[in-house]
Each structure stands twice: as C-alpha cells, then as structure tokens.
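Trainee:
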C-alpha cells in the first residue's frame, strides 16, 4: 500500500502529538518511537516517509572487524544505497547508543539520494555534521564509536522494533520536534485525514485560548457553540 | 504562609545552585527535582512561585478513554483552570515520560491565566510550541503520546513527589537553567535572604577570579581580607 | 610521555569519531567517555589536552559538611589550582549527576589558569554560566545540588574511570560535539598522525558524496581509482 | 463492592498468569505490579485480598526524623493498625528500594491482625524474618535502611501507583510465585469465574501435553474434539 | 556444522566461566547472555544445545489480540513444535520482562519433545511450574502478563540478540548457575576441548587451594612445578 | 582504630537494619551498600570485619590481556593474598556486573586464609561453588565473564565507593540477609553497643507483637509501661 501524495502532504502538516491521539482512539498505544529526538530543530513541516528498516544484532568481534566494511553485501552499506527516495530509514539499534548507528558520510549519501529522513534508537557519530544537513535525523544521543564495536547489521526491510515501537516496512513514519511516530500502513490515509481535521480544530482552540477563553467546553468541545464558532473560523481561514 | 513579594523578588535573583547550598546547610539534601530541564533557555530571572500540585497514577484503560477529557471534574483539566496566578504547577508524573503530562493548549492557558511556570517529571507534547511561549516550563524530555495512555490524574494540591523531591502545596518552587528546586514554605523568607547575600559574594568572587585571583582563601573566604574587600565592592556596586 | 605540540595540533583537527576508528583498529573499544556532551556548541577545533584526573567516592555526612571547603588540602579545590595549563581535568563522579561535580567559579578559575577543558561523568551547576565561558566543558546534565551532598573528593592524578572509560593521568583527551575520547598516552602520536590522514580521506569522500557519488568502492576505497583521485584532490587542496 | 467469599476462594485457586489473560481480554494490560517477587515460596493457594493502600512521597529531613515514629497519627504506623483483616496492604514506595518500606515487627503485627498480605514496590528490611512468617509478602528486593531515610508516608486508602500498576482501594489483589496482579473491584466476580474455568482447561491441557499431545489445536482449542475430551475430563475429575 | 556428541559431552562438564575465558583468549568478549538466571538450581551438568532462535518485536494491538494464538502460522507456537530435540530455544525478547516470553504449557511441551533448554532475555509466566520441570530454563525474572501484551513473534531461526549477546542459529548454547553463554558454531569443538583441559587444571587448583596453597605461581601456573604436580594429579584422578 | 573482639561479637548479633537506624540517628544515611545480596542464606550471626578494599577502573584491552594474571604485582591477585584474616574484602566494581569481580578459586583462597567475607557491587563467577563455601559473600548477581573483560584492578586499601556507599579501609563491614552496611571505624564501638541494646528491645517487641499487642505505644515505646515490662523481660531472659 503505497503512500499517496495527498496523504504525505497532509501528514507534513500534522504533529506527532495529534497523530498519537488519532492512533490512541483506535487502540494503538505504542507507536511512538520512545527516546529519540531530532539532531537539529525541525523545519516547518513534519518528516514523512514510508519505513525502510535496517536490523542489527550485537556485534561479534570475529565477524565485525574493519574488513566487513569492504564487503558490498554488508547490509548497512547496502541499505544506504537501496533505501528508496522519499522513504525514511529506521534502524533497530536495540536502544544501544554506546556505538554509532551511522555517521556523516552515510547520512549525506541518504540526503543526496532523496531519502526523507533517518531514525535510530541508538546514536549517530559526526552529529554536528549531520545536524547541519537538510535531511531530518533522529537519535537518542551523539555517539562517536564506530558501529562495528557494538552493531552487526543483519538484514533490511524486515519488521523491527525501534525505541519500543513496532515498525513494519512500509509503515508511515512521521517526525517533528517531539520525536517520531509510526502509522501502520493500512491506516495512513484515514489517520492523515482525521489528524488534519483535528489540527484545524486545535489551531482554532489555540487562538481562542490565546484570546483568553477557558478550556472548559472548548477543548474538547463539550459546549457545542464552540463547534459553530469553529465552522465560522474555518471559513474565514479557508481551512 | 503566603509567599511575600519581597521574597519572590529576592528568589528571582538567585540560582538553584545557591539555594541548594543554603538548604544543604539546614540539612535538606533532596529538594532538587532531579532530571528536569527547561524547554527553552531561561530568561534573566529565575522562575518563582508557590507549588500547586497535580498527582497522577498509572492509567487504567477502562477509566482513561477519550471520554474522560469531556468531564469537567477531570483533575488535570480542573487544575489548569484552578492553579492560581503566580503559582507554579508541579505534576507528579512518576518520572514516566513515555506519555505526555500536558501539551501546548493547556500550557498556553496557564500562561494566559498568569501562572508562573509548569514542571513535570515526565514530558510535554507540543514541546516546540511550549518552548516558544513566555511561561517557564520544565520536563524530562519531549513526549508526544496522549497523557491518557499512561497517566490518570487523581487529585490536586496534595503532597507529591516530583523527580525524587518532596513537594508540598505552598512550597516555593524556583527554576533556572540548572533545573528546579523546592524551598519548604516555612523557610522561604530566610533562605531567600541568605541566598541573596550568598549571591552577592559569589558575584564578587567571580569578578575576582576573572581578574586572576586564586580560589584559595577567597572561596570560601578563609582569608578574611577578602571579606573586607567584598565590603568595599558591595558599596561600589550598591549591593 | 609529554604531548607534543605537533600532536596536539593534529588532534585539534580530527573528530572523536575518527579517533574511535583508529583506536578500534588497535583493539581498543572502550575509550569513549559514554554519556557526556558539551555544555555549549564546540568551536572549530577539538578540545585537546593531557588528562589530569580527580577521583571521588560517595560522600559521608560527617566528613562532607561545609567545613571541608575551608580546608586547603581538599582534593577538589587543590585540583582546581594544580591542574596544569593545557591539560584537561577529568572527574570520576561515578556517573552520578544528582549533585554537582563543580560550578561556575571553579570552572572560571580553570579557564583563567589556561586549562584546556573539563569533563565529568556527573553534572555541573551554574551550567548556563559555564556554557558562556570559552573553556570546553562536558558533563552528563546540569546539576545544581552542592557537590558535598554526594561526592567526596579523595585524590588527584590517579587512574580513574569516567563514563565507563579508563583514564590514566597523561592520556590524551579529545572532545568535540559527539563527546570525549581518551587516547592512551603512548599511542597519541601515531593515532594523531593516522587520524589526520583518515580525516583527509573522509573530507574527500564527503565532497564526492555531496557531488553524487555512491559510497560503494569509495568508502572504504575498495575501488582503487578513488585512491588515485584522492591523491589528485590532496594536491589541489594542499593536504 | 465487597469481595465475596466465593470469589475469594476462586481466586485462591487461579494464577496471576491466568488472571492477566482474562484482564487482557477486557483491554486491561497494565494490572501487573511490575518487579515484585515473594519473599518466600508461595503456598498452595494464591494470596487474595482487597487493597488497602499506603502512599509515600520522598522524605524531607526536617519532617522525617526519629520523632515522627512516636506520632500516633503517622500514616505508616496507623495503616498497620487499621488495615482490615483479610485485606492486602499495598504500599506505593515509588519503586525506590534504597530504604525500607516496612520491617519485621510491622509485618508480624499485620499477620497477627489477620491481614492477607503485604506488597511494596520498594523493599522490606528484616527480610529473612519476614520470609519466615506465614503472611505472604512481596517486594522488589531486601532493603535494610530505615524508611525515614527516603519515604514519607502521607495518606492511606487513596488510589496509588505500585510497580507501574494503578491500585484503587478495594481492588482485588492476587499474588503467586510470578508476582502480584490487581483486579479492578467491579470485575472481580466475573474475572474470578472466568479464570477458574480457564484454569480447569489449562490443567487439562497440561495433562495432555505431559502425555505427548501437540499444542496445535489444543492450546487454544482450535480443534474442537479437544473441547469434547475436556468435558469428559472435567466429569472424571469433578471440576 | 552439527554439534558432535563428543563436544556436547565435553561442554556438559565445563562451566560458563571457563568458557568465557576460552572465548576471551580468542578476542570474543560479548558472548555471555547478560542478566539471565536459571529458574531452578542447575543439575550436575551444564545445559548444552544448538541455538534455535525466536525473534520478537514490540506488539501492535491490532495484530496481537487473542485471535493470533489460534493461527497455526504464529511463529511462537510453531517454534515450540519445530525446535529440534537436543536444541536450546533462545528467545529475543528485547530485554523486556514486563510480559511473558512463554509459560508452563509451552515449556512442558518443549520438555516432552526433548528440547535441551529454553532461554529468554525477558521473563516466563508460571515460573514455579517451569522451575519444577526437568528442562533447564533461564530468564530475567518471572513475568505473568500474557506475551501478546508486549511481544509480537516475527520469525524463527534467524540471527538475534539475546541479553546483549549475538546468537546465530546453530551456535552452541551452554548454561549453568552463572547463566548462559553462546559459543560460535565453528569454534565449538576447539573451545570444548580447551575448556575441558582448563577445567581439569582448575579442579586441581581448587584442591590445592583448599589444602592451603597460595594462588601465586599456581593460578596461573607461573611456577612450573605446579604443572608437574598437575600431571601427577591427572594420572591419579584418571583425567 | 582496630576492631575489638567485644565489638565484633556484639555486631555479629545485630542486623543491618538495626545498624542503619543507629547510623541514621547520627546523620549517616548512605552507609548501606545498595543492591548486593548474599550468595547463600546467611548463618546465625552476621558477617563482621574491617574493610580491606580493592579498587578497579574500566579495563583497557592492551593492558588487560591474559598475561596480566601472571604478574605477581597484579593488585587483584595480591589483594587475595594480603587481605588480613578477619577482614572483609570490599571490591569497587563500579556497579558493573557484566564481568566477574572474582571467582571460586580466589574466594576459596580467602576462606582458607581466614578472611571474614567478600563483597562486590559487581558479580562473582562460579557462583554456585562460592555459595557452597562457608565464607559469607555478597554481590549484585552471578557473572561468568572473566574480570579482565571489564575490570582493571588499580590499587588496594584506599577509600572506595561500593554500591553507592563510601568505604574507607578499616571501616567495619556487617552483612546479613538484607545486605551489607558500612560502619565508620571511629563509631564502631558506640554503634555496636547501641545496636545491641536496640536489638534486645526489638526482640522484646517482636515477642509482644506475636502475643497480640498493638505497636502503638510499644514501638517506639511512647507508653512508658512498656519500658518497665521490657526491664522485667530482660532480667528473665538474661539480656
């Protein structure tokens, strides 16, 4: 189920907070990738893309020497070249940030290739360099040690865990200043539509609250007059 | 015991570090709320206000559905409307930042209502939006998931723990770039006065150290000539 | 084995990531001080200096009252005055950031004395003030409580652990935006030389990747034509 | 809603594992008190009783000296005398086992008073003595330091969190070798009845598996012939 | 590379401690599955078998309802029926023991099928029942909640991480009172032989130390006369 | 200040819980070694001895190969031969139990040499063998990996931290089923005397509570009639 352009655009305009509420309404409570933050302040729109996953296990010293990097079949290096443009690479680093999940050169390559973002529940090396790139990137903390010291890449595009969230290839990954959330692929269209509606109402509420209105009856709109005022507001704002 | 204007002003001019030392001298070693940081760089003065507390327990799925937000008796929503202007709302989130303690709309409402600040040992959603507000806010880390997923608000203005510190309603809460400290209500006046004195001496010391003086004899002032020079300095500076 | 000026300069131009790789090649996998970050964005060059260590154990209330600060023999205060210019002070705070390892006045004194940097696996108080100094500083997180509450300084310039890394006096300590790494003294010259070479190649690679080249064959250079092009590039760049 | 004798007896014969499954079917996923184990091997029946709660916050040195123990209004000491016979005392120790939640004398008093059990998400002192009592007791680990060092009891019989589970007074608390689970009061009867049925089938399954049958079709009973055989078995066993 | 009967027998007679030393000599430092212990006191011989792995990711509520257990293709249930006799089932539970990795019925089935042991870096439910079985079992702690609450089984017999150790299908897994270690398949024969030799010397040393000899020169045998005495001892003991 | 025979005998008869209370009365709140438990059930008397300390830092691969064990100057091996009979060896393993602090042969040697006990805030290998010895031993958990993998012994009989407690050589170390506590050397006599008195009263209280008396007025003895009855009891019991 491919991510449509319409849904991608809608998701760029909503927050992970709003998405988490929409998912919660459907009984999905564990879709947030816990403990990751953006390396640089997010831009005006959210990071959006389908998940392309990379799976690692703990390194084994006889397998994970420098030589492994020279092997074109190395799953980490292959993933960098194979992750589709527009996708988000999500790395299962087993929440271990003591060695790097990737570094500046690899993330630069992803940016050049048109990848939409990169997420690890470990850490990136060259973090200042990555922060200066345009590609959205999320990790737990900077981590200089070479990945081989702790991470053995095993395969790509299989279901993984990342930051205690389940991530299936093709799930829609959205990131903003609060972190990264995973929308199951089959729900992406309906969640995007609902979240866009919720966002309009939240923007209306924020404006009212700034103007001095109480949250009672407004958020949520238990006083229905607020819904009527919202409809007027939408027309005025063209939303 | 109400927080006097004089004490409030004094506390705005002292740091949590200095306050921790003044409390330490009285045998109080656990008043720092551990593990929380400001969402945005603090301004020129410290956050100061009496504690208005909110207590949560782990959520239970049958009690904590979306409907609970429509209930005017919901302790979280009531607390937002009832926290007094000038107070600091302190939320016991049981050090669990996997779901939000509050979000942008509620914190905006607190700002409009004149609340002095908000602190949780969990996390806030809409963290970029909150960081852009003028109200000081402190948390462990951003957290997008809806609060209902993990937090059940039970009551307000009761003694709580927050970040391993005891917080009684009416205690005086002070925050700066290092975090948040809790001054027991009955000590607020004397601690504020003592900390203001200490701050003057520390400012003097900093100036001397910048000028090349050794810390020996100066910090602490075991060489009494430094105290004499300090008195001269105070007069010059009008402090 | 003193740190030569040439090696110091070379190390200023390389990253902790590159150094970690050079150390990994020699079988050294645990030299990164885990979990520390700079208080302010690093400058154009890395922090470099020989380690001058300070060791702490948990505080004992009868030994660690305010009076201890008046004692010129207090190892913490002595270390501040004795750490050599050009050295990096490294504090073993047992990864406990619940009380401060040092504060603004002491770190200012280090800066005035020409010390190259300060690192703790605990936290600093007055963190905003320290962040505004020119001396590079690294910690786990801000921490206002007075050090006496948890830390008893026992001795200086002995081997310590810091952030799970072994640190021997005289080891060469290097810090950048990713954190801090410890280069064993006897390896400093050869590691610096090798890392400088690696950095030149990485800069070349980054430029090629920005220009659209795949990492295959380039990083690492399994396609030898890249090495030839690198030699041309070095001459052009004068590196 | 009082715990009936019939439900109490049924619950004595079922495991926390089976109860967790019955609760999971109703959407309740967080009722297990995480991280607590029995101090001594459980007996033939599970611990069962209605929750009588005790709430603590972090201690404050000026409030929590030895004198507080002489105060008959001290909530901890009162709770020991007021917890009803047949109830289970559940202590919110904020998952902090660095100081004791209670000790041998207090737990002995609970046993004499006919209390059904005691649970803390902290630790007990005098753990060997408590382990030798007949009253079921659960904690995270032994902890000798006096409770005053870290725990300030604030009130009893209010909703609390314990080991990340919500506990409301009157909820039914069940414990076995796997730990402790909390059944919401209004569900106790139906959960007990369902769990007793499930236990009968599980006992049948265990017997079949010991006899060599595959779990396929049997557990769960997707092959309905197993249900028929189960009915025969129940009659034979009188269950 | 199949595990030979000779190597299996040798490994039954050596400890995980001795194996860790033999692996350390070959540069392998991370083969111990950290944080797992046996549910019941180990017998006279170590658990030995080739790894048959099961991989899980975090559960997703819409995928992991009760219905999934009725699906014969469910990887967890299939693994129980497909794990070869003589093998050790090793489950990657992502070090999350808040829900069960398996329970009494499934482990009983493994025992009946002749499986050599079961290991998870999470927890088992029905822990008292499993402890009473003859099959060696290792986990982090008891955990009653149904596995579906947190664990989604994705595939079997792929490389996994377990307790921070890499585990490849066919690796030889050995367990004793200290926990579980993973011997890479291609090293099993030589490691077993070497460890058996080391064990003989350690047994000799233990006897000498019990008799009052210093460890100096004996352990390790820097005084060669000890090697000569060892040779005599071996002949006497027939080892 | 040597540990007198009288004090040693008194301490054998008191619990770590009672000692923690006596230390708390003197303002000492952090003397318990957190997180360690005995490898085997303690005997009738507590472990008592003066602290002989061993300090470790993180291992460095080039220094901590197998060869280091052949060096008679290795601080770990020397400590085993030099720890005085009657003392307790306390190892600062930096709370890292991922590799062993010591194993069966070394602990056997300590037992033969008459050492009173051994404590680490890491873990022991050969834990079943050590548990079967007569020497009291305490650790965080079993740990098979060779100590060289993580621990580099640097010196002996210096002040250390162990399990977040300060330990000075000569401090009196006491252990029972609850764990291990450190009594500062200069307080040992008075603490022992006071704790023995407290123990007598606690034994009296336990007997009264078993007989049905309320704790009110009895524990602590705010009703002075209990003190009178205690005096009678002491005479009867000869205590």
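Protein chains in written order, with the working numbering: chain E, 1 to 239; chain V, 240 to 478; chain X, 479 to 717; chain P, 718 to 956; chain S, 957 to 1195; chain C, 1196 to 1434. For each residue, glycine too, the CB sits at the ideal point set by N, CA and C. Keep in mind that this is a model prediction, so the values were computed, not measured.
Could you check whether the Cβ of residue 400 of chain V sits closer than 9 Å to any Cβ belonging to chain P?
Mentor: Cβ-Cβ to chain P under 9 Å: yes for residue 400 of chain V.
Trainee: Considering only residues of the region 486-535 of chain X, which uninterrupted alpha helix (DSSP H) runs meet the minimum length of 4 residues and lie entirely inside it, listed in chain order?
Mentor: Qualifying alpha helix (DSSP H) stretches, in chain order: 494-503.
Trainee: In the DSSP assignment, find the beta strand (DSSP E) that holds residue 212 of chain E and state where it starts and stops.
Mentor: Note, residue 212 of chain E: premise wrong, no beta strand (DSSP E); not H, not E.
Trainee: Taking the C-alpha atoms as reference points, what is the distance between residue 629 of chain X and residue 579 of chain X?
Mentor: Roughly 7 Å separates the two Cα atoms.
Trainee: How would you write the range of the beta strand (DSSP E) that residue 598 of chain X sits in, first residue to last?
Mentor: Taken as a continuous stretch (DSSP letters only), the beta strand (DSSP E) holding residue 598 of chain X covers 595-598.
Trainee: Distance cutoff 9 Å, beta carbons only. Does residue 191 of chain E sit that close to anything in chain V?
Mentor: No, residue 191 of chain E does not count as interfacial toward chain V.
Trainee: Which runs of the beta strand (DSSP E) spanning at least 3 residues fall entirely within the region 87-165 of chain E, listed in chain order?
Mentor: With a minimum length of 3 residues, the continuous beta strand (DSSP E) runs that stay inside the region 87-165 of chain E are 88-92, 100-102, 117-120, 137-139, 151-156, 160-162.
Trainee: Give a yes or no on whether the C-beta atoms belonging to residue 1373 of chain C and residue 853 of chain P are separated by under 9 Å.
Mentor: Contact flag unset, no.
Trainee: My assumption, with CB atoms under 8 Å, is that residue 807 of chain P sits in contact with residue 768 of chain P. Please give the rounded CB distance.
Mentor: At roughly 5 Å, the Cβ-Cβ gap stays under 8 Å, so residue 807 of chain P and residue 768 of chain P are in contact.
Trainee: Name, please, each residue of chain C whose Cβ falls closer than 9 Å to the Cβ of residue 513 of chain X.
Mentor: Those do not exist, as residue 513 of chain X stays about 13 Å from chain C at its closest Cβ, beyond 9 Å.
Trainee: Given a cut-off of 9 Å on the beta-carbon distance, is the pair residue 736 of chain P and residue 898 of chain P in contact?
Mentor: Yes, the pair counts as a contact, with Cβ atoms nearer than the cut-off.
Trainee: Should residue 508 of chain X be labelled buried (16 or more other beta-carbon atoms within 10 Å of its own) or exposed?
Mentor: Buried, by the Cβ-count rule.
Trainee: Three-state secondary structure (DSSP) at residue 1384 of chain C?
Mentor: The answer is helix: DSSP assigns residue 1384 of chain C an H, G or I state.
Trainee: Would residue 171 of chain E and residue 185 of chain E be called neighbours here (beta carbons separated by less than 9 Å)?
Mentor: Yes; because the gap between Cβ atoms is below 9 Å, this pair is in contact.
Trainee: Quick check: the region 675-685 of chain X against the region 512-519 of chain X, are there 3 or more CB pairs under 8 Å?
Mentor: No, the region 675-685 of chain X is not in contact with the region 512-519 of chain X.
Trainee: How close, in whole Å, do the beta carbons of residue 1033 of chain S and residue 932 of chain P come, if the pair is a contact with beta carbons under 8 Å?
Mentor: Right, the Cβ-Cβ distance comes to about 6 Å (below 8 Å), so this counts as a contact.
Trainee: Please report the distance separating the alpha-carbon of residue 1023 of chain S from that of residue 741 of chain P.
Mentor: Cα to Cα, residue 1023 of chain S sits roughly 12 Å from residue 741 of chain P.
Trainee: Kindly indicate which three-state DSSP category residue 176 of chain E falls into: helix, strand or coil?
Mentor: Here residue 176 of chain E sits in strand by DSSP.
Trainee: Using a Cβ-Cβ cutoff of 7 Å, what residues of the region 389-419 of chain V are near chain E? List them in chain order.
Mentor: So the list is empty, because no residue satisfies the distance condition.
Trainee: Are the C-beta atoms of residue 1256 of chain C and some chain X residue less than 9 Å apart?
Mentor: Closer than 9 Å: yes.
Trainee: What residues in its chain sit with their C-beta under 6 Å from that of residue 1355 of chain C, if we drop five residues either side in the sequence?
Mentor: If we look at residue 1355 of chain C and ignore the five residues flanking it on each side, its Cβ neighbours are 1248, 1250, 1287, 1362.
Trainee: Going by other Cβ atoms of all chains shown within 10 Å of its Cβ, with 16 needed for buried, is residue 1188 of chain S buried or exposed?
Mentor: Classification for residue 1188 of chain S: exposed.
Trainee: Can you pull the chain P residues whose beta carbon is under 8 Å from the beta carbon of residue 297 of chain V, in chain order?
Mentor: Neighbours of residue 297 of chain V on chain P, chain order: 747, 878, 881, 882, 883.
Trainee: How long is the line joining the alpha carbons of residue 790 of chain P and residue 870 of chain P, rounded to whole angstroms?
Mentor: Each residue's Cα considered, the two are about 11 Å apart.
Trainee: Using the rule of at least 16 other Cβ atoms within 10 Å of the residue's Cβ for burial, across every protein chain shown, is residue 466 of chain V buried or exposed?
Mentor: That one is exposed.
Trainee: Quick one: Cα of residue 926 of chain P to Cα of residue 506 of chain X, how far?
Mentor: If you take the alpha carbons of residue 926 of chain P and residue 506 of chain X, they lie about 51 Å apart.
Trainee: Just grab the DSSP bridge partners of residue 1377 of chain C for me.
Mentor: C/1368, per the DSSP bridge assignment.
Trainee: At the level of alpha carbons, what is the spacing between residue 609 of chain X and residue 252 of chain V?
Mentor: One C-alpha to the other measures close to 19 Å.
Trainee: Can you name, in chain order, every residue of its own chain whose Cβ lies under 6 Å from the Cβ of residue 415 of chain V, other than the five neighbours on each side?
Mentor: Closer than 6 Å at Cβ, skipping near neighbours: 254, 255, 281, 285.
Trainee: Looking at chain V, is there any beta carbon in it that lies within less than 9 Å of the beta carbon of residue 843 of chain P?
Mentor: No, residue 843 of chain P lies away from the interface with chain V (no Cβ there is under 9 Å from its Cβ).
Trainee: Against chain V, with Cβ distances strictly below 9 Å, would residue 25 of chain E count as a contact?
Mentor: Judged by the 9 Å Cβ criterion, residue 25 of chain E is in contact with chain V.
Trainee: Starting from residue 885 of chain P, follow the alpha helix (DSSP H) in both directions and report where the run begins and ends.
Mentor: Where residue 885 of chain P is concerned, there is no enclosing alpha helix (DSSP H), given that its DSSP letter is neither H nor E.
Trainee: For residue 1229 of chain C, which residues of its own chain have a beta-carbon under 6 Å away from its beta-carbon, when the five flanking residues on both sides are left out?
Mentor: Cβ within range, chain order: 1358, 1359.
Trainee: Could one say the Cβ of residue 320 of chain V lies closer than 9 Å to chain X's Cβ atoms, at least one of them?
Mentor: So, not an interface residue.
Trainee: Does the separation of the CB atoms of residue 1054 of chain S and residue 1105 of chain S fall below 9 Å?
Mentor: Cβ atoms of residue 1054 of chain S and residue 1105 of chain S: closer than 9 Å.
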